[in-house]
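S.K.: Throughout the sequence shown, residue numbering follows the numbering used here, covering 47 to 350 in sequence.
For every residue, glycine included, the Cβ atom is placed at its ideal position computed from N, Cα and C.
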Amino acid sequence: MSQTTFSTQSSLPLPDAFSTGLTALFADARPAIVQVHVDQRGGGTGIVWSADGQILTNNHVIAGMRSQLQVHFADGTTLDATILHRHPQLDLALLKVHAKDLPTLVPGDSDALRIGEWVFAIGHPWGQRWVVTAGIVSRLSSVQLTPQLKTRYIQSDVRLAPGNSGGPLLNAEGKVVGINAMIFGGDLSVAIPSQVVKAWLEALPGRRPTLGVELQIVPLPAPIQQQLSNGQTQGLLIVGLPGRQDRYTDLFLGDILLEAAGQPVTDVKMLRKILAVQEGKELSLKIVRGGQIHVLPAALLITD
């Protein structure tokens with residue numbers, strides 16, 4: 047996904063640069079934002095969090111579901127969804143649809159937000175689909191939800207309405223810095239910080255990013271070693287595709303993994319450590335295929 051930044055050094059006047067940047071941000075983000083329908087009524091907004099069909103939203107969006115849960119995509123596709131996990135106190139829920147190669151949004155660092163920074167929301171207020179609103183960060187605060195649970199919130203003056211819940215709060219680069227959750231006093235919007243979301247997802251039982259392949263450590267051919275500047279002498283040979291072959295065609299039997307996310311991989315433990323922090327990101331792999339080194343994007347699978 048392209049990253050759009052606004053700069054006063056642009057050759058365009060500031061209003062034009064702002065407008066152009068916001069237009070690009072919306073175009074990039076829109077395919078990864080869905081409308082969540084609960085029992086055939088519009089309940090709120092959701093974010094495609096992983097390419098294999100995991101969708102993040104608010105718990106209160108799906109709390110009253112009795113029979114049917116569906117998500118509508120910007121291209122007109124409608125898919126049935128199931129609830130994987132939910133956290134009523136944090137007001138977060140993780141849904142699942144049967145799909146692959148879905149566009150995703152890139153998580154941002156909510157801890158880096160500053161008061162006065164521009165932020166943007168995309169959602170479905172009052173059933174109006176894919177509406178974008180803009181504002182600034184007004185306050186960063188924390189709330190004691192229970193005696194054992196304290197969490198943080200982002201307050202902004204971004205205009206929200208019923209139907210925006212579960213949608214993204216984006217920074218100027220188009221990265222998700224929060225999940226829009228509620229409105230106070232008619233004009234104060236509150237979002238759950240992306241760092242809170244990441245921590246919850248990482249703590250879910252059995253949840254693990256994976257490539258869905260079987261691997262074996264092998265020595266690298268001498269010509270390949272000579273092309274590498276890091277002294278790497280071994281890689282990971284793909285000997286099976288049990289979790290991948292029915293979904294993706296980006297990796298093949300016989301490929302040798304050299305790097306993941308720019309880091310050398312010489313054993314499976316090292317690869318797992320790298321993948322553990324790649325969820326929601328664009329993963330790049332360096333591989334050997336047919337005696338040649340290639341760099342290619344690869345989709346992550348999420349096990350539950």
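My understanding is that Ile101 touches Val117, with C-beta atoms under 8 angstroms, so please give their C-beta distance in whole angstroms.
M.R.: Residue numbering aside, residue 101 sits at position 55 when the sequence shown is read from its first letter. Residue numbering aside, residue 117 sits at position 71 when the sequence shown is read from its first letter. That belief holds up - the Cβ atoms of Ile101 and Val117 are roughly 6 angstroms apart, short of 8 angstroms.
S.K.: According to DSSP, simplified to helix, strand and coil, what is Met316?
M.R.: In the sequence shown, residue 316 corresponds to position 270, counting from 1. Residue state, collapsed to three classes: helix.
S.K.: Is Ser187 helix, strand or coil when you go by DSSP?
M.R.: Locating residue 187 in the sequence shown gives position 141, where the first residue counts as 1. DSSP places Ser187 in strand when its eight states are reduced to three.
S.K.: For Gly212, collect the residues of the same chain with a Cβ closer than 6 angstroms to its Cβ; drop the 5 residues on either side in sequence, then sort them by chain order.
M.R.: If you number the sequence shown from 1, residue 212 lands on position 166. If we look at Gly212 and ignore the five residues flanking it on each side, its Cβ neighbours are Gly90, Thr91, Gly92, Thr103, Asn104 and Val107.
S.K.: Could you tell me which of Val311, Tyr294 and Leu159 sits nearest to Pro265, measuring between CA atoms?
M.R.: In the sequence shown, the residue the question calls residue 265 occupies position 219. Comparing Cα positions, the closest option is Val311.
S.K.: Taking only runs of the alpha helix (DSSP H) that begin and end inside the stretch 242-279, which ones reach a length of at least 4 residues, in chain order?
M.R.: Those alpha helix (DSSP H) runs which fall completely within the stretch 242-279 and span 4+ residues are 268-273.
S.K.: Pull up the distance between the alpha-carbon of Met47 and that of Phe119, whole angstroms please.
M.R.: Locating residue 47 in the sequence shown gives position 1, counting from the first residue. Locating residue 119 in the sequence shown gives position 73, counting from the first residue. Because the pLDDT of Met47 is 40, which lies under 50, any placement of that residue in the model is unreliable, and the number read from its coordinates should be weighed accordingly. Going by the C-alpha atoms only, they are around 17 angstroms apart.
S.K.: Near Ala73, which residues of its chain fall below 8 angstroms by C-beta distance, leaving aside the five closest residues on each side in sequence?
M.R.: By one-based count along the sequence shown, residue 73 stands at place 27. Around Ala73: no qualifying Cβ.
S.K.: Alpha carbon to alpha carbon, what distance is there between Gln271 and Ala97?
M.R.: Numbered from its first residue, the sequence shown carries residue 97 at position 51. Numbered from its first residue, the sequence shown carries residue 271 at position 225. If you take the alpha carbons of Ala97 and Gln271, they lie about 33 angstroms apart.
S.K.: For Val177 versus Leu216, is the C-beta distance shorter than 9 angstroms?
M.R.: The residue labelled residue 177 in the question sits at position 131 within the sequence shown. The residue labelled residue 216 in the question sits at position 170 within the sequence shown. Result no, Cβ atoms of Val177 and Leu216 do not sit closer than 9 angstroms.
S.K.: Quick one, which of Leu125, Gln114 and Ile333 has its alpha-carbon nearest Leu299's?
M.R.: As a first step, residue 299 is located in the sequence shown; it is residue number 253 there, counting from the start. It is Ile333.
S.K.: Would Pro214 be called buried (16 or more neighbouring beta carbons within 10 Å of its own) or exposed?
M.R.: For this step, residue 214 is matched to residue 168 along the sequence shown. Counting Cβ neighbours within 10 Å, Pro214 comes out buried, since at least 16 surround it.
S.K.: Rounded to whole angstroms, what's the CA-CA distance from Pro171 to Gln262? Just pull it up for me.
M.R.: For the purposes of this step, residue 171 is taken as the residue at position 125 of the sequence shown. For the purposes of this step, residue 262 is taken as the residue at position 216 of the sequence shown. Near 50 angstroms, if we compare the C-alpha coordinates of Gln262 and Pro171.
S.K.: Between Arg205 and Arg335, what straight-line distance do the alpha-carbon atoms span, to the nearest angstrom?
M.R.: Your numbering for residue 205 matches position 159 in the sequence shown. Your numbering for residue 335 matches position 289 in the sequence shown. The straight-line gap from Cα to Cα measures roughly 50 angstroms.
S.K.: Please report the distance separating the alpha-carbon of Ser56 from that of Ser65.
M.R.: Taking the sequence shown and counting its residues from 1, one reaches residue 56 at position 10. Taking the sequence shown and counting its residues from 1, one reaches residue 65 at position 19. Its pLDDT being 47, under 50, Ser56 is placed unreliably by the model, and the measurement read from it follows with that caveat. Going by the C-alpha atoms only, they are around 12 angstroms apart.
S.K.: Buried or exposed: which applies to Arg185, given that a residue is buried once 16 or more other Cβ atoms fall within 10 Å of its Cβ?
M.R.: Residue mapping note: residue 185 aligns to position 139 of the sequence shown, counting from 1. Arg185 should be labelled exposed.
S.K.: Since Ile101 is in the beta strand (DSSP E), which residue starts that stretch and which ends it?
M.R.: By 1-based counting over the sequence shown, the position of residue 101 is 55. Ile101 -> beta strand (DSSP E) spans Gln100 to Thr103.
S.K.: Just the C-alpha distance for Ile348 and Gly286, rounded to the nearest angstrom, thanks.
M.R.: Along the sequence shown, read from residue 1 onward, the residue named residue 348 stands at position 302. Along the sequence shown, read from residue 1 onward, the residue named residue 286 stands at position 240. So the alpha carbons of these two residues sit roughly 17 angstroms apart.
S.K.: Taking Ser235 as part of the beta strand (DSSP E), name the residues at either end of that continuous run.
M.R.: In the sequence shown, the residue the question calls residue 235 occupies position 189. Its beta strand (DSSP E) spans residues Leu234 to Pro239.
S.K.: Express the C-alpha separation of Gln241 and Ala227 in angstroms, rounding to a whole number.
M.R.: Counting from 1 along the sequence shown, the entry for residue 227 is found at position 181. Counting from 1 along the sequence shown, the entry for residue 241 is found at position 195. Looking at the two C-alpha atoms, the distance is approximately 15 angstroms.
S.K.: Three-state secondary structure (DSSP) at Ala158?
M.R.: Here residue 158 refers to the residue found at position 112 when the sequence shown is read from its first residue. It is helical.
S.K.: With a floor of 4 residues, list each alpha helix (DSSP H) that falls wholly inside the stretch 63-148, ordered by position along the chain.
M.R.: Whole alpha helix (DSSP H) segments, 4+ residues: 105-108.
S.K.: CB-CB under 7 angstroms to Phe52, same chain, minus the five flanking residues each way: which ones, in chain order?
M.R.: Taking the sequence shown and counting its residues from 1, the one referred to as residue 52 is at position 6. Here the model assigns Phe52 a pLDDT of 42, short of 50, so the residue's position is not dependable, and the following value carries that caveat. Excluding residues within five positions, the ones whose Cβ falls inside 7 angstroms are Ala63, Phe64, Gly67 and Ala218.
S.K.: For the ligand ATP, any of its heavy atoms closer than 8 angstroms to the Cβ of Val341?
M.R.: The model depicted lacks the ligand ATP and carries no ligand whatsoever.
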